[in-house]
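Working notes, structure below.
In our numbering, the protein residues as written are 14 to 1290.
Written out as C-alpha cells, the structure is:
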C-alpha cells in the first residue's frame, strides 16, 4: 500500500472537504446512495466550478506527472506514422492516444496507487468524523446539564462565584460548538429565549460573551438561524427602549460613551447594524418570509417613540438616535433599498405600518432647517463645541445627537426618493405644520439647507467635518437624485426647486446678502448641482426655457440667463462677494462649468450668445496666463517655497480650467467660430491634446471622449492647423503606424502577430476613423495644399510618418519600389491607404486637389497596368487580388459622377462560383460602359401642365408685391408634393429665372446691395483658373454629357462663366492678411453651385451668369453659393479672419440643433461615433449633393432653397437624417458611421417625399433660423 505523509494527508483531507462542502446540497438532496454516486460521476457536466476545485487540480497534476511523458511519446509516434502513410483507423489523435494510455502498464499502476492513497485519506476522515460525533454528543449532554442547573438556581445570588464560573464555562462551550450542532439542538428555541434574557445581565463580561455568540451565529450560520437571532436581538432592544426600568439617556443629558450601560447598548445596536448591512448580500437565496421578518423587526424597533408630552429637552432618546450614531449615513437603508427583492418589502411595510419612521425623518430635517433660520451658525454649533472641550470623554450633547439624527434622516430620505414607490409615500403630514410636506417642499428644503446651514458642524472626528456638513450632505443627496432620470423629472425639474437653487444668486445680483450662512462652499455646491441638471436634456430645457416653454407669462429671466449673468460678473470681477477669499476662483470655475454644460449644446449657445461669455473667459484666461508667467522661481531652502509652489499650482489649475471652458465652445459649429474669435484656439487644442495624451476624459458628462470636438475643429482651416501644431495629428499617425506596420516597442512578443482577415484590421480601425474625421477638405487643403510628395530614393525601415503628406506618400501613392520595400506589411498597409483615399475622395474638392497635385488616377492606372499577366502576345489579363479589386473600386468612384441611380460602383468582395470577380478592370480611360447606369432620368419639357401654368402665371401678377411671392411658393409646394418631376428641364430654367428676377427687383427681398459689373468675355478670357477649377470643369462637362444636358463646347463656356464669377466676386472681397492658405487666394475648391446651375441652364453661359448676378443679391445665395461669401466684405472682419463659412457656423449649427430635437436617436448615434453631423452636412452642401443624390433631386434641392428660402437647406438635411435613421443606427453599432455617410449615396431619398415634414419644421423653426441667417452680415451703424 502506498505511503502518505501526514502533511499530504491533511492537504488531501482539506481538498476533499472543499469538494464535499460545495456539492453538499446536491448529494443530500439525492433520494438514494446510487443517485448520489451518479451525481458525483457526472459532476463535470453539471458543475461549472468543477475545474476550480483543488482536488480536481490535484488529480490533473498527478496524472500529468505520472503519464505525461508517455502521452507525449505516443503522440509523436502517431504523428510520424501518419506522415509515413500508416493509418490507425481513428479519427483523431486524441482517441488513439487515450486508448493506448488506458491499455498501458503505467496507467494501471497509477490507478492502483491513487486508490491506495485515497483509501488512507478517506479512512482517516471517517475515524475523525466518529470522534467528532462522540465529542458533540458529550457537549450536548453538558449543555443540557447546565441548563437544568440554571433552572434550579435562577433565584440564587449573582455573586455566587461558583455559579458564575459554571455560566461562563457553559457559554464558552456554546461559543466553541459548531453552529450546526447548536441549530440542531432540540432545545434551540428555549436556548434562544434564555440568551435574549441574559443580554440584560448586569455582568458585562457575561453579556459581552453572549454578544460574541450572536456575532458568531451571524457570521457562520444559515439565514433561518441568523434570522431568529436577529429578530430576538431586535425584539430585546425594542423591549429595552419601551421599558421604564432602564435608564436611557435623555436629549438634555446627551450620551456619554464611557458610561458602561451606554457602551453595552451601543455594542448591541452596532451588532444589529452590521448584520443589517450584510444580510442583503445573501437573503435573496432564501424564502421571502425570512427577509420580511428581519425587515419588520427592524422597522418596529426604529418606530419606537417615547411619550412626547414632556419638554423636548427631557425627551428620552429613541432607538433611531443610537442607530444614527453607529451608521450616520444610513448605509443599512441604502443596501436594503438597492435590490427590488427587499425594496418591495421595505416600502410596503413603510406604507402600511411604519410611515411614522418617514414622518419623523422629515420632521427632523424641518426642525434642523428652522434652527438654522432662527439662529446664527455659531449659536447652532457653539454649545456642541464647548461641550466637546469641557470633558475629555466621548460625549455627545443633545444638539450633536439631533444633528447626527438629522444627517441619518437626510440620507434615508434621499435614498427613499430615488424610487417611485418611495415617492408615493408623499405628501407627509406633520403635527407642527398646517400644510403637508410635498415632494417639492422636501426638495426645496434640501436646497435651502445648502446655503442656510453652517459650513463646519462638529462631527465624530475632525477628518469627517466636510463629509458630514449639512451642505455637502444635501448636495450629495441632490446629485444622486439628478442622476436618476425619472426621479429628477418628477422631483427636481420644476421652477420651484430651480428658483430655490438660484435664490442666493438672485440676492447677490441684487446686491443683498445671499443667505444668513451662505458661503463660497455653498455656492460651489449649488453650481455642482446646476451642472448636473444642465448635463441632462430635460434639465437643460428647464434652465433654458423654464417649465412653460411656450408661455409668454414668464417675466423673470430663466435659470440659464441668471447663471450666465452671474458667471460673467464673476469672471469680469464685477461683483463684490467674499473679498480676498482663496475660494473665490473656485466659485468662478464652478459657475463657468455650469455655463459650459449649457453653451456646449447648440440650443444652449443660442440662449447664452448675448452674454459674450467666450470673451470674458478668454480675458480671464489671458490674465491667469500672465500671472503664471510672473510667479517667481522658488529658492531652495527658503520658507516661501511651499507657498510659491501652492500659489503656482492654483494659478495653473485655474488657467487649465479656463482653457477647458473655452475648448468646450468647439462642441458646436457656432461655438467654434466664437472660440476662433478669441484667438485662443491653438492653446485650447494643445490643452485637448495634452489631455488626450494622458487618456483623460473631458468631464464626467462627456462619455465619448474628444471625438466630436476633434471633428468639429478639423472641419475648419484654423482648427486643422491648430491640430497639426499641437502634435495631435502626429500622435494619431504615429499610433497608426505602430499598429499597421511595426507594433509597439514596449510589448513583449511571445507569439507572432496574427494575420489580419479584414481589409482594415481591428487594431487600426480607431486610427482609420480618426483620420477620416480629421481629413475634411478645409483640413486637407491646409495640411497638404501646394506641397509635393517626398518621393525619396530610399526609405529607412525605422522611418515613421508624422504628417498627412507622409501618409499619402507611404500608404497611398506607392509609385516606387523603394516605398514598397519600406513596408513590412505591403498589402495590408496599401489597402489601408486605398480605403482612406476612397473615403477622403468622396469630398469632390479633396479629390480634385489630390488629382491636381499628385495625379492619383494616373498612379492607380499604372499600378493596374503593372498588375497584369501576359496570356498571349496580344492579350494581357489582370491579376485579381485584394489590391487590384480595391484599386478598381477607387478608380470607378473617383472618375464617375452620379447619384445612387446614375452610377454603378464595383463591389470590394469576390463572389462565389467560377467567376469570382465579373467586373471588368481597366488601366486606361474611358471606363467600361457597365459602370454607367442606363436608368438616368432624361429631362422632359412639361410646360403645358396646369399646375405649372398657374405657377408661371403668378409672375405676370407681380404688381401685387405683398402676396405674389407667397402665391408662388404655395403653388411651388403644391407641385412638389403632387408632380415633382415637372420641376426639371426647361420648366425649371424658366421658373428659376423669373422668380429670381422678380425677387432681385424687390428691395425688401434683396439682402446684398447691387454691384455693377461691366467685364466682357474678352476681358476675362486671358485670366487663369486654378488647376482644381480646371479639373472640376472637365468633371462637370463629363457629368452633363452623361445626363444629355450639355453639348460639345460646354467646357469653354463653363470656363468663361467661372472666370466671370471670380472677377465679379473679387469686386466684393475684403483685403486680408492671414497665415491660413485658404485666405491667401480666391475660393480654394471648385464652384459646384455654378457648375450645377450651368447644367440646369443647359450650358447657356449668358443665362447662367445673368442669373448669378441677380441671385447674388438674395440671402439664399450666401448659403447655396459658397464662394459668394469667400473673404467677402459683407462679413465681419473677425469672421473673415476665422476662415469659417456661414454655411458651417449657421446652417450646420442649426442642423445639429434641430437634429437633437427632431431625430434624437441619430444625434446620439453621432456622438457615440465621435463624429459631428456638421462635417458631413458641410460636405453635402459644398458639392451640392453631387454623388449623393440623382440629378433630379439636386435640381429639387436647389429649386426648393431658391423658392422657399435658405432655411430649407437645414430642413432638407434633417429630412435626410430622418430617412437614414435605421442605417445610421446600424452603422453606429458596426463602428463605421463616418465611412458609411461619406461613401454611400442617399439611396431612396426624394426631396418631394418629405415636403410635408419640412413644412412642419418651417412652422416651428423658421423665425429663429432666418433671423440668425440674416445676422451674418455686418450690420449698418
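Heads up, the beta-carbon is just placed ideally off N, CA and C, and yes, glycines get one too.
Keep in mind it's a predicted model, so treat the numbers as computed, not measured.
Could you give the DSSP three-state label for residue 1171: helix, strand or coil?
Translated into positions along the chain shown, residue 1171 becomes position 1158. Helix at residue 1171.
Can you grab the Cα-Cα spacing for the pair residue 402 / residue 410, in whole Å?
As a working mapping, residue 402 is identified with position 389 in the chain shown. As a working mapping, residue 410 is identified with position 397 in the chain shown. Note that residue 402 has pLDDT 34, beneath the 50 cutoff, so the model's placement of it is unreliable and the number below is only indicative. Answer to the nearest angstrom: the Cα atoms are 12 Å apart.
Using the Cα positions of residue 1058 and residue 1050, report the straight-line distance between them to the nearest angstrom.
If you number the chain shown from 1, residue 1058 lands on position 1045. If you number the chain shown from 1, residue 1050 lands on position 1037. When rounded, the distance between both Cα atoms is 9 Å.
Taking the C-alpha atoms as reference points, what is the distance between residue 559 and residue 508?
Working through the chain shown from its first residue, we reach residue 559 at position 546. Working through the chain shown from its first residue, we reach residue 508 at position 495. One C-alpha to the other measures close to 7 Å.
Exposed or buried, which one is residue 789 when buried takes at least 16 other CB atoms within 10 Å?
Position 776 of the chain shown holds residue 789. Residue 789 is buried by the Cβ-count criterion.
To the nearest angstrom, report how far apart residue 802 and residue 825 are at their CA atoms.
Residue numbering aside, residue 802 sits at position 789 when the chain shown is read from its first letter. Residue numbering aside, residue 825 sits at position 812 when the chain shown is read from its first letter. Going by the C-alpha atoms only, they are around 11 Å apart.
In or out: residue 752 buried (at least 16 other Cβ within 10 Å) or exposed?
Start at 1 with the first residue of the chain shown, and residue 752 comes out as number 739. Classification for residue 752: buried.
contact_flag[the region 601-610, the region 536-543] where n(CB pairs < 8 Å) is 3 or more:
yes
To test your reading of the DSSP string, which unbroken alpha helix (DSSP H) runs of 4 or more residues are found completely within the region 687-740?
694-706, 720-727, 730-739
In the DSSP assignment, find the unbroken alpha helix (DSSP H) run with residue 574 in it and report its ends.
Taking the first residue of the chain shown as 1, we reach residue 574 at position 561. Taken as a continuous stretch (DSSP letters only), the alpha helix (DSSP H) holding residue 574 covers 572-584.
Rounded separation between residue 1172 and residue 1164 - CA only
Position 1159 of the chain shown, counted from the start, is the residue given in the question as residue 1172. Position 1151 of the chain shown, counted from the start, is the residue given in the question as residue 1164. C-alpha separation (whole angstroms): 11 Å.
If you run the structure through DSSP and keep just helix, strand and coil, what is residue 199?
Numbered from 1 along the chain shown, position 186 holds the residue referred to as residue 199. Residue 199: coil per DSSP, three-state reduction.
Count the other CB atoms within 10 Å of the CB of residue 1200; is the residue buried (16 or more) or exposed (fewer)?
Here residue 1200 corresponds to residue number 1187 of the chain shown, with the count starting at 1. Residue 1200 comes out buried.
7 Å CB neighbourhood of residue 419 in its chain, flanking five on each side removed:
Residue mapping note: residue 419 aligns to position 406 of the chain shown, counting from 1. Closer than 7 Å at the Cβ level, and outside the excluded window around residue 419, lie 377, 378, 381.
Keeping to the same chain, check which residues put their C-beta closer than 8 Å to that of residue 212; ignore five residues upstream and five downstream.
Along the chain shown, read from residue 1 onward, the residue named residue 212 stands at position 199. Cβ neighbours of residue 212 beyond the five flanking positions: 220, 223, 224, 246, 249, 281.
Please confirm if the region 1070-1083 is in contact with the region 1026-1037, defined as three or more CB-CB distances below 8 Å between the two stretches.
yes
Determine the direct distance from the alpha carbon of residue 1241 to that of residue 1248, and round the result to whole angstroms.
Indexing the chain shown from 1 puts residue 1248 at position 1235. Indexing the chain shown from 1 puts residue 1241 at position 1228. Looking at the two C-alpha atoms, the distance is approximately 11 Å.
Using the beta-carbon count (16 or more within 10 Å), is residue 667 buried or exposed?
For the purposes of this step, residue 667 is identified with residue 654 of the chain shown, where counting begins at 1. Residue 667 should be labelled buried.
Starting from residue 450, follow its DSSP beta bridges and name the residues at the other end.
By one-based count along the chain shown, residue 450 stands at place 437. BP columns for residue 450 point to 441.
For the alpha helix (DSSP H) containing residue 891, list its first residue and its last residue.
As a position in the chain shown, residue 891 is number 878, starting the count at 1. Residue 891 -> not in any alpha helix (DSSP H); beta strand (DSSP E) instead, spanning 888-891.
Can you give the Cα-Cα distance for residue 1071 and residue 1100, rounded to whole angstroms?
Position 1058 of the chain shown, counted from the first residue, corresponds to residue 1071. Position 1087 of the chain shown, counted from the first residue, corresponds to residue 1100. For residue 1071 and residue 1100, the distance between alpha carbons rounds to 8 Å.
Would residue 926 be called buried (16 or more neighbouring beta carbons within 10 Å of its own) or exposed?
For this step, residue 926 is matched to residue 913 along the chain shown. Exposed.
Run the CB neighbour count on residue 87, radius 10 Å, all protein chains shown included, and call it buried at 16 or more, exposed below.
Here residue 87 corresponds to residue number 74 of the chain shown, with the count starting at 1. By the 10 Å Cβ count, residue 87 comes out buried.
From what residue to what residue does the beta strand (DSSP E) around residue 883 run?
Looking up residue 883 in the chain shown gives position 870. Segment 881-885, the beta strand (DSSP E) holding residue 883.
Measuring CB to CB, does residue 1278 end up less than 8 Å from residue 1227?
For this step, residue 1278 is matched to residue 1265 along the chain shown. For this step, residue 1227 is matched to residue 1214 along the chain shown. No, the pair does not count as a contact, with Cβ atoms beyond the cut-off.
Report the residue from 1091, 1097, 613, 1104 whose alpha carbon sits nearest the alpha carbon of residue 1054.
The residue labelled residue 1054 in the question sits at position 1041 within the chain shown. Measuring from the Cα of residue 1054, the nearest candidate turns out to be 1104.
Alpha helix (DSSP H) segments (min. 4 residues) lying fully within the region 1130-1203
1146-1151, 1162-1171, 1173-1182, 1186-1195
Inter-stretch contact at 8 Å, needing at least 3 Cβ pairs: the region 1215-1226 / the region 1259-1267
yes
Where does residue 240 land, buried or exposed, given buried means 16+ other C-beta within 10 angstroms?
For the purposes of this step, residue 240 is taken as residue 227 along the chain shown, with counting starting at 1. Residue 240 comes out buried.
Residue 901 - containing alpha helix (DSSP H), residue span
Taking the chain shown and counting its residues from 1, the one referred to as residue 901 is at position 888. That run of the alpha helix (DSSP H) goes 895-908.
Let me know the secondary structure DSSP gives residue 18 once reduced to three states.
Along the chain shown, read from residue 1 onward, the residue named residue 18 stands at position 5. Three-state result, residue 18: coil.
Select from 841, 797, 1113, 838 the residue whose C-alpha is nearest the C-alpha of residue 822.
Working through the chain shown from its first residue, we reach residue 822 at position 809. That would be 797, whose Cα lies nearest to the Cα of residue 822.
Can you check whether the CB of residue 1158 is closer than 8 Å to the CB of residue 683?
For the purposes of this step, residue 683 is identified with residue 670 of the chain shown, where counting begins at 1. For the purposes of this step, residue 1158 is identified with residue 1145 of the chain shown, where counting begins at 1. Yes, the Cβ-Cβ distance between residue 683 and residue 1158 is below 8 Å.
To the nearest angstrom, report how far apart residue 28 and residue 484 are at their CA atoms.
Reading the chain shown from its first residue, position 15 is the one you call residue 28. Reading the chain shown from its first residue, position 471 is the one you call residue 484. Answer to the nearest angstrom: the Cα atoms are 54 Å apart.
Could you give the first and the last residue of the continuous alpha helix (DSSP H) run that contains residue 518?
As a working mapping, residue 518 is identified with position 505 in the chain shown. Its alpha helix (DSSP H) spans residues 508-523.
For residue 916, list the residues DSSP reports as bridge partners.
By 1-based counting over the chain shown, the position of residue 916 is 903. Its beta-bridge partners are 945.
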